[in-house]
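Under the working numbering, the residues of the sequence shown are numbered 11 to 635, in order.
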Amino acid sequence: MKKRNKPVIPGFGLSMGITISILSLVVLIPLASLVVYTAKLSFKDFIETITRARVLASFYTSFVCAFAAAVINGIMGTILAWVLVKYDFPGKRLMDGVIELPFALPTAVAGIDGWEAFADNVTLQIPVYDRGSSGNGCSDVENNYWTNWVQENFGDKYNITVEYVGITRSDVMTDYAMLAASQSLPTICMEYDYDKLASWQADGYLQTYDVEEFKQIAPTYWETMVEHGNDAYTKLDDEDYLVLGYRPYGNTTYTWCTFYRQDWLEEAGFSEYPVGDNTKLLELYAKLVENGHQYPLSGKKVSGAGIDQNYGYRDYPQDETTWATTGDYQIPALSTEAQKRFLKWENELYNDGYYNPEYYLRDASEAEADFINGEAFTWTGYISSSMNVLNSFYDANPDAKLAVAVTPSTWTQDETWGSSASYRPGTNFGMMIGFANDATEDEVKAAMMYLEWLNQPENLFTMQWGIEGVNFNYDDNGDPVAVADQTGLAEQQGHNNNVDYWCAVTAVKTLGSIEKDIQAVTPQGIPQDFYDQILANYNGQVAIYEAGKANSDCLFATAIDAVTEYNQTLYDLYTEYRDKLTMCPKDQFDSLYEELSQKYLDAGYQEVIDERQAALDAGNTTRLQ
Numbered sequence: 011m012k013k014r015n016k017p018v019i020p021g022f023g024l025s026m027g028i029t030i031s032i033l034s035l036v037v038l039i040p041l042a043s044l045v046v047y048t049a050k051l052s053f054k055d056f057i058e059t060i061t062r063a064r065v066l067a068s069f070y071t072s073f074v075c076a077f078a079a080a081v082i083n084g085i086m087g088t089i090l091a092w093v094l095v096k097y098d099f100p101g102k103r104l105m106d107g108v109i110e111l112p113f114a115l116p117t118a119v120a121g122i123d124g125w126e127a128f129a130d131n132v133t134l135q136i137p138v139y140d141r142g143s144s145g146n147g148c149s150d151v152e153n154n155y156w157t158n159w160v161q162e163n164f165g166d167k168y169n170i171t172v173e174y175v176g177i178t179r180s181d182v183m184t185d186y187a188m189l190a191a192s193q194s195l196p197t198i199c200m201e202y203d204y205d206k207l208a209s210w211q212a213d214g215y216l217q218t219y220d221v222e223e224f225k226q227i228a229p230t231y232w233e234t235m236v237e238h239g240n241d242a243y244t245k246l247d248d249e250d251y252l253v254l255g256y257r258p259y260g261n262t263t264y265t266w267c268t269f270y271r272q273d274w275l276e277e278a279g280f281s282e283y284p285v286g287d288n289t290k291l292l293e294l295y296a297k298l299v300e301n302g303h304q305y306p307l308s309g310k311k312v313s314g315a316g317i318d319q320n321y322g323y324r325d326y327p328q329d330e331t332t333w334a335t336t337g338d339y340q341i342p343a344l345s346t347e348a349q350k351r352f353l354k355w356e357n358e359l360y361n362d363g364y365y366n367p368e369y370y371l372r373d374a375s376e377a378e379a380d381f382i383n384g385e386a387f388t389w390t391g392y393i394s395s396s397m398n399v400l401n402s403f404y405d406a407n408p409d410a411k412l413a414v415a416v417t418p419s420t421w422t423q424d425e426t427w428g429s430s431a432s433y434r435p436g437t438n439f440g441m442m443i444g445f446a447n448d449a450t451e452d453e454v455k456a457a458m459m460y461l462e463w464l465n466q467p468e469n470l471f472t473m474q475w476g477i478e479g480v481n482f483n484y485d486d487n488g489d490p491v492a493v494a495d496q497t498g499l500a501e502q503q504g505h506n507n508n509v510d511y512w513c514a515v516t517a518v519k520t521l522g523s524i525e526k527d528i529q530a531v532t533p534q535g536i537p538q539d540f541y542d543q544i545l546a547n548y549n550g551q552v553a554i555y556e557a558g559k560a561n562s563d564c565l566f567a568t569a570i571d572a573v574t575e576y577n578q579t580l581y582d583l584y585t586e587y588r589d590k591l592t593m594c595p596k597d598q599f600d601s602l603y604e605e606l607s608q609k610y611l612d613a614g615y616q617e618v619i620d621e622r623q624a625a626l627d628a629g630n631t632t633r634l635q
């Protein structure tokens, strides 16, 4: 019997098997999936992907670092090898082991895979908007399939209990104030409006954070901030309080649309909706009433943040003082000439009978119902949350024809009503995030980990699109397309198509190009395709913006105390005064406006203007955009 040779390395077979198994799991399978995914891309998509600014920056960083490391290691490695071969000295074997150690470890040991679970359970509270509706199927914003998915895929892994806290979308400031008063602020405090975060900081809601620690725990999230220039907005009163999600350029121009009755328009003898031409709009509305459509604007919100801020009625280009002192999303500028023109336009529409006479008693759901029931000419809303409205509309009006209002690419100035065909472009950031002042060190760390985890492409994609074959399918180009009807699914993407759960990272789905992004948000499964119109509306509004006829509102790097003090008072007054000015007889408008605008100034708005001017003079503002 032939004697079997004893292996030189004991246990080599077992260790080799384990090594190959681990290699397959850690390296080969991910590489194979990468090849499979890449194969789905067309050559054009592949080129677009590898030539993105972020990818090119990654290439540059990798090659520069690799070159520098090679040069340093070539010199120092040669010296070290010569010493180890030439000499014997105490600790030589230990140094040999230290040198060999990197070869036994993966090239990256930091980052998300390097996190350790907390020894003691940590509770992480995350706000989520409660929009006061079923959210396309999910009635409980704090406990549903997707909140449980986050717990299972993030919380359980790191010994974190994830709790969602419902925040009333229409009353954010009140909800946060109540939570602060009861010392139960969520770990993450977030909102879309910069001035609200500044107010929270001034009121002591937030704590500062260590930027270097955040970079270490959430490197991808920070890199995304840097890529979009959002690292310039982290400071309030010269201290780091905020981290910011990103908002793709101009996304509000295609996610927020006005739908109108194309069949009514053609019936009135118009070939296109005269956006920006107020004289022709009045002619159109008069014809609609003549054709039997009573109160054709009953589906239009008379009040609301965007409406009351008169973005379409400002004078451009704005001077810096007007921009800083009266351009504001939170408090309408009742006392400005632009606001006067805007309200005079509303007064014209009301007195000519285009609004329901009792509009001030009706809520948004009633305006929505008028549109669905075929009683209104227009309806405006976010496309992401419009599917239920559009489906209901076509169910009630199967022969109707809708269209999307398209902003012309040229600027107009009307002597009567002021500037038109303008819009308020979104800032380069979306959600602004601070950490509650009473959050512990571990809770803040858990919050940072959550932001980084959510920012990982695979996690973000799942939260945005859901499950293949259930919530979405891939089209022939390999792009995801949402399933139109998800009624009754436990996995249903509710609450504004889940955006309220992933808005901490970004405000909109992105697929690499504006055309794909618009295709992704275009309503699916309804009788009409609005893609071309949404794209045309986007291009028109961007042209206006690039012509210098629109800008983002001023952002203050310090709290404006007068805003905090008078915000609610002025909002209530404005609502009252706006309705009085809208409904008064035309010949009384000018005198009533002078009276009410002065009362508005005396009620605190003049103090707001003065404090904003002081902040501008001190340089505590963002640049004019």
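Built from N, CA and C at the ideal position, the CB exists for glycine as well.
Residue j beta carbon less than 8 Å from that of residue i
i, j, result
"residue 134", "residue 157", "no"
"residue 307", "residue 403", "no"
"residue 232", "residue 444", "no"
"residue 602", "residue 591", "yes"
"residue 230", "residue 465", "yes"
"residue 258", "residue 200", "no"
"residue 510", "residue 139", "yes"
"residue 365", "residue 359", "yes"
"residue 490", "residue 512", "no"
Backbone CA spacing between residue i and residue j [nearest angstrom]
i, j, result
"residue 74", "residue 83", "14 Å"
"residue 334", "residue 351", "20 Å"
"residue 483", "residue 264", "22 Å"
"residue 269", "residue 530", "18 Å"
"residue 238", "residue 447", "27 Å"
"residue 202", "residue 299", "39 Å"
"residue 213", "residue 285", "43 Å"
"residue 207", "residue 296", "44 Å"
"residue 500", "residue 150", "12 Å"
"residue 90", "residue 124", "30 Å"
"residue 192", "residue 186", "10 Å"
"residue 153", "residue 176", "10 Å"
"residue 507", "residue 461", "19 Å"
"residue 167", "residue 615", "51 Å"
Which of helix, strand or coil DSSP assigns to residue i
i, result
"residue 299", "helix"
"residue 116", "Here the model assigns residue 116 a pLDDT of 44, short of 50, so the residue's position is not dependable and the matter cannot be decided."
"residue 266", "strand"
"residue 516", "strand"
"residue 5", "Any question about residue 5 goes unanswered here, given that the chain covers just 11 to 635."
"residue 305", "coil"
"residue 404", "helix"
"residue 250", "strand"
"residue 389", "strand"
"residue 412", "strand"
"residue 205", "helix"
"residue 282", "coil"
"residue 478", "strand"
"residue 449", "coil"
"residue 146", "Interpretation of residue 146 is limited by its pLDDT of 42, a score under 50 that renders its predicted location unreliable; no figure is taken from the coordinates."
Environment of residue i [buried if 16+ CB atoms lie within 10 Å]
i, result
"residue 629", "exposed"
"residue 224", "buried"
"residue 406", "exposed"
"residue 378", "buried"
"residue 607", "buried"
"residue 519", "buried"
"residue 279", "exposed"
"residue 243", "buried"
"residue 301", "exposed"
Nonlocal neighbours in the same chain, by C-beta distance under 7 Å from residue i, ignoring five residues either side
i, result
"residue 240", "254, 256, 438, 439"
"residue 540", "414, 532, 533"
"residue 161", "172"
"residue 568", "208, 246, 247, 625, 630"
"residue 528", "264, 541, 544, 545, 548"
"residue 526", "489"
Proximal residues to residue i (C-beta, below 6 Å), its chain only, five neighbours per side dropped
i, result
"residue 621", "570, 572"
"residue 190", "215"
"residue 337", "563, 564"
"residue 266", "392"
"residue 118", "For residue 118, the predicted structure reports a pLDDT of 36, less than 50, and the residue's modelled location is therefore unreliable. A value from the coordinates is still provided. Taken in chain order, the list of residues that qualify is empty."
"residue 389", "269, 309, 381"
Residue i at chain B interface by Cβ criterion, 8 Å
i, result
"residue 546", "Included in the structure is just one protein chain, with no chain B present."
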